[in-house]
Amino acid sequence: MYYSFIPGRMRNKCSKVVLVMWLSVLFMVLQIFTATLSSWLTLDQLRPPLSTLEHVGFPNGSFLRNFIINKYNISAASLLPVNNAEDFKNVLSNGTVDVIFDELPYIPLFLSKYGPEYTKLGPIIQAPGAVLNVTESDTMTEMKKKYLGLSDPVISQPDQAHPQSLDVQSFTGLFVFMGIVITAAITTSEIAIRQRKNKIHVEKKKKRRYNTR
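By numbering that gives the first Met the number 0, the letter at position 20 of the sequence shown is numbered 19, and the numbering carries on one by one without gaps.
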C-alpha cells in the first residue's frame with residue numbers, strides 16, 4: 000500500500016481512491032470472517048457434548064427415560080430419576096448429574112425460581128411448525144405471564160447461547176457507500192482521460208494547421 004502512493008507509481012488520484020476502498024473492503028471481509036469463525040468456535044465450546052454424557056437426570060416417572068436411552072445411547076445405569084425442582088438444583092449443584100432433561104413448561108418454572116445459574120439447551124425434540132408458532136407467539140407469552148407468573152427475562156431466554164457476530168448485512172450501508180465512491184472515482188477518471196485525449200487531439204490539429212501555413 001505504501002508503494003502505491005509513491006510519485007511515479009500511481010499518479011492518478013482516482014486510482015488511489017479506488018485502491019483505498021478495495022483495501023477497506025478486503026479488511027472488513029477479513030474481520031467478518033474472523034469474527035464469525037471465533038463465534039463458531041466459542042459456541043462449540045459452550046455446548047456440552049450431550050452424546051457423551053455419563054450422568055443424566057430426568058423427572059421420575061417421565062417418558063423421557065426411554066427417549067434419552069434411545070436418542071443418545073445412554074445406559075439406564077447412568078440415568079438418575081429426580082422428583083422435584085429442589086432435587087434438580089441439588090443434583091446439578093453437587094455434580095451428581097451433568098444435565099437434566101425435562102418438559103415444558105417445567106423448565107421455565109425451574110429457571111424462574113433459580114435464575115441464570117443454569118443454561119437451557121434445546122428444544123431437543125422436533126415439534127410441528129404449528130406448535131412452534133403457538134409457543135413463540137405473543138399470546139403464548141402473555142399466558143405464561145398470567146398463569147405461570149414468569150417474568151420477561153425467563154420467557155425470552157434463548158434456547159441456546161448465540162453470541163452476537165458481525166455479518167455482511169451489518170455493513171450493507173457501508174458497502175453501498177463504497178460502491179458509490181468507487182463508481183464515482185472510476186467515472187471521474189474516465190472523463191478526465193477522455194478530456195485529456197481530446198485536448199491532445201485538438202493541440203495536434205492546431206500544430207498541423209500551423210505547420211501547413
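By construction, the Cβ of each residue, glycine as well, lies at the ideal position given by its N, Cα and C atoms.
Beta-carbon gap between residue i and residue j smaller than 9 Å
{"i": "residue 106", "j": "residue 88", "result": "no"}
{"i": "residue 23", "j": "residue 177", "result": "yes"}
{"i": "residue 184", "j": "residue 16", "result": "yes"}
{"i": "residue 39", "j": "residue 181", "result": "no"}
{"i": "residue 213", "j": "residue 90", "result": "For residue 213 there is no data in the structure shown, the boundaries of the chain being 0 and 212."}
{"i": "residue 113", "j": "residue 84", "result": "yes"}
Proximal residues to residue i (C-beta, below 6 Å), its chain only, five neighbours per side dropped
{"i": "residue 53", "result": "77"}
{"i": "residue 168", "result": "none"}
Per-residue DSSP class, three states only, for residue i
{"i": "residue 79", "result": "strand"}
{"i": "residue 96", "result": "coil"}
{"i": "residue 57", "result": "strand"}
{"i": "residue 202", "result": "helix"}
{"i": "residue 105", "result": "helix"}
{"i": "residue 71", "result": "helix"}
{"i": "residue 15", "result": "helix"}
{"i": "residue 113", "result": "helix"}
{"i": "residue 119", "result": "coil"}
{"i": "residue 156", "result": "Interpretation of residue 156 is limited by its pLDDT of 48, a score under 50 that renders its predicted location unreliable; no figure is taken from the coordinates."}
{"i": "residue 52", "result": "coil"}
{"i": "residue 32", "result": "helix"}
{"i": "residue 219", "result": "Coverage of the chain is limited to positions 0 through 212, which leaves residue 219 absent and any answer about it impossible."}
Supposed contact pair residue j and residue i - C-beta distance, whole angstroms, cut 8 Å
{"i": "residue 110", "j": "residue 95", "result": "At roughly 19 Å, the Cβ-Cβ gap does not stay under 8 Å, so residue 110 and residue 95 are not in contact."}
Close-in-space but distant-in-sequence residues of the same chain around residue i (CB under 8 Å, 5 per side omitted)
{"i": "residue 102", "result": "58, 61, 63"}
{"i": "residue 97", "result": "47, 52, 53, 54, 55"}
{"i": "residue 131", "result": "A caution first: residue 131 carries a pLDDT of 39, below 50, which makes its placement in the model unreliable, though a value can still be read off. Closer than 8 Å at Cβ, skipping near neighbours: no residue."}
Chain-order list of residues whose beta-carbon lies under 7 Å from that of residue i (same chain, five-residue window excluded)
{"i": "residue 75", "result": "68"}
{"i": "residue 100", "result": "55, 57, 63, 67"}
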